[in-house]
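When we follow the working numbering, the leftmost residue of the sequence shown carries the number 9, and every step to the right adds one.
Idealized CB from N, CA, C, for every residue including glycine.
Structure, as structure tokens:
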Amino acid sequence: MLSVVKEERAARRAAGARLLRLAASLRLTLALIALLGFGVAFAYLREDARTWPLVVPLILLAFNLLAAVLTNGVFRRQTALLVFHLALIVLLLLVAAGRLSYLTGYVGVTEGVPFDGTLAESQRGPLHAGDIAQVRFVNKGFSIDYAPGLQRGATRNAVAWSEGNGRWHEEMIGDQTPLVLSGYRFYTTFNKGFAPTFLWRDAHGNDFLGSVQLPPYPLKEYSQAAAWSPPGSTLSIWVMLDIDEVLLDPAEHTSFRLPERYKLIVRIGDDRHELRPGDSLQTAEGTLEFEGLRNWMGYRVFYDWTLPWLLAACAVAVASLGAHFWLKFSARPWDA
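This is the structure we're talking about:
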């Protein structure tokens with residue numbers, strides 16, 4: 009009876025070893041690399057399928073490499089080479105984890121109006137665990153210089169945010185320098201423009217501050233119009249900014265700024281009005297007061313908690329591979 013049990017155990021170990029060698033096969037590695045390439049192409053063509061076509065081959069490649077490490081004795085004899093391959097496994101798993109938990113998005117924030125945690129558009133992995141709804145900051149204004157030909161220079165955007173104890177912090181961010189809050193990275197973009205700001209007082213006497221973000225300027229210089237509905241109202245208010253000056257002269261060095269000579273045209277139903285700062289309109293549902301123009305900035309939002317770990321794993325991989333080749337070539341003279 010004992011011999012039968014030993015034979016069964018030996019058979020299971022032999023079967024496990026065969027499966028492990030099969031999992032470590034170089035042919036399987038080539039097939040998985042081809043599968044990853046197909047997944048990359050598929051994800052590039054299909055915006056709604058950018059997770060699983062990449063995650064599945066990455067995880068399979070990690071297990072393929074782990075099986076190779078377990079079945080190849082050379083790794084146990086060369087520590088630096090072993091560390092390099094273990095770092096590669098960690099890299100593959102981290103990239104897969106990043107795709108499962110990432111978030112990318114976009115939001116426009118008006119100067120002086122706090123970001124309320126809502127993105128205009130976003131994509132996220134199925135295991136995204138962050139809470140963008142709790143993130144708050146204030147766009148305090150920006151400056152952009154233009155060279156002749158409307159060549160955009162660096163964006164300098166001042167932002168402020170509050171800690172849990174009520175203490176406020178300020179920082180200057182840009183296209184390459186993000187604001188980082190709760191793991192979310194906010195980068196400025198080329199999208200920016202003007203936002204007529206209104207004070208809306210409803211029929212119950214409640215006041216709301218709202219703004220209408222007009223299309224990006226100067227990208228859509230000749231279509232500065234948008235529709236807006238005040239909070240709690242069924243009104244549809246059409247707003248157009250008619251600028252009566254040259255803001256960005258293509259022949260000169262210039263800077264982005266608010267217009268000084270303009271008309272704000274407001275349509276409610278068939279009624280047309282031209283408003284200046286301080287003017288107000290009485291409607292059936294409340295009072296609309298034009299406070300003035302502000303800027304708005306568009307932000308690209310990115311979240312990936314794996315970034316610092318990826319950097320650490322890459323550093324370990326480079327260092328271990330360097331150590332491996334140093335030990336290999338230092339064993340004999342280089343000029344031999």
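Could you tell me if residue i is buried or exposed, where buried requires 16 or more neighbouring beta carbons within 10 angstroms of its beta carbon?
i	result
Asp-312	buried
Met-180	exposed
Leu-304	Correcting the residue identity first, residue 304 is Trp in this sequence and not Leu. Counting Cβ neighbours within 10 Å, Trp-304 comes out buried, since at least 16 surround it.
Ala-235	exposed
Gln-232	buried
Ile-140	buried
Gln-221	buried
Val-274	buried
Ser-109	buried
Ala-259	exposed
Phe-46	exposed
Glu-119	buried
Phe-202	buried
Between the Cα of residue i and the Cα atoms of the options, which residue gives the shortest distance?
i	options	result
Pro-224	Gly-218, Lys-200, Phe-216 and Ser-241	Lys-200
Leu-243	Gly-277, Leu-111 and Gln-184	Gly-277
Val-254	Ala-42, Thr-79, Leu-36 and Leu-266	Leu-266
Gln-131	Val-146, Asp-124, Thr-118 and Arg-107	Arg-107
Val-247	His-261, Leu-296 and Gly-213	Leu-296
Tyr-154	Thr-262, Arg-175 and Leu-36	Thr-262
Phe-194	Ala-168, His-136, Arg-280 and Ser-237	Ala-168
Thr-126	His-93, Asp-287, Arg-54 and Gln-142	Gln-142
Please go through the same chain and pick out, in chain order, the residues whose beta-carbon is closer than 7 Å to the beta-carbon of residue i, but skip the five residues on each side of it.
i	result
Arg-164	Phe-150, Ser-151, Met-180 and Gly-182
Gln-86	His-332
Gly-157	Pro-258
Leu-335	Ala-88
Could you check the C-alpha separation between residue i and residue j for me, to the nearest Å?
i	j	result
Thr-291	Ile-251	26 Å
Ser-328	Pro-65	25 Å
Ala-32	Ala-51	27 Å
Ala-361	Leu-99	Examination of residue 361 is not possible in this model, given that the chain is present from 9 through 344 alone.
His-332	Leu-73	18 Å
Arg-144	Phe-264	26 Å
Phe-71	Val-115	39 Å
Glu-229	Pro-122	26 Å
Gly-161	Thr-112	25 Å
Gly-294	Leu-272	19 Å
Arg-302	Ser-288	18 Å
Ala-75	Ala-128	44 Å
Gln-159	Gly-300	28 Å
Phe-310	Asp-279	43 Å
Arg-284	Thr-59	50 Å
Gly-91	Ala-325	The sequence as given places Val at residue 91; Gly does not occur at that position. The straight-line gap from Cα to Cα measures roughly 7 Å.
Gly-286	Arg-269	15 Å
Once you ignore the five residues that flank residue i on each side, which residues in its own chain have a CB closer than 6 Å to its CB?
i	result
Arg-84	none
Thr-197	Gly-306 and Arg-308
Taking residue i and residue j to be in contact with their CB atoms under 8 Å, please state how far apart those CB atoms are, rounded to whole angstroms.
i	j	result
Val-63	Ala-104	5 Å
Phe-206	Gly-218	5 Å
Ser-241	Asp-215	In fact, because the Cβ distance is near 13 Å, the residues do not count as touching under 8 Å.
Val-117	Asn-147	4 Å
Between residue i and the rest of its own chain, which residues show a CB-CB distance below 8 Å, the 5 nearest in sequence each way excluded?
i	result
Leu-68	Leu-40 and Leu-43
Arg-26	none
Pro-238	Phe-206, Trp-208, Asp-210, Phe-216, Gly-218, Ile-245, Glu-293, Gly-294 and Leu-296
Thr-314	Leu-102, Val-103, Ala-105, Gly-106 and Ser-109
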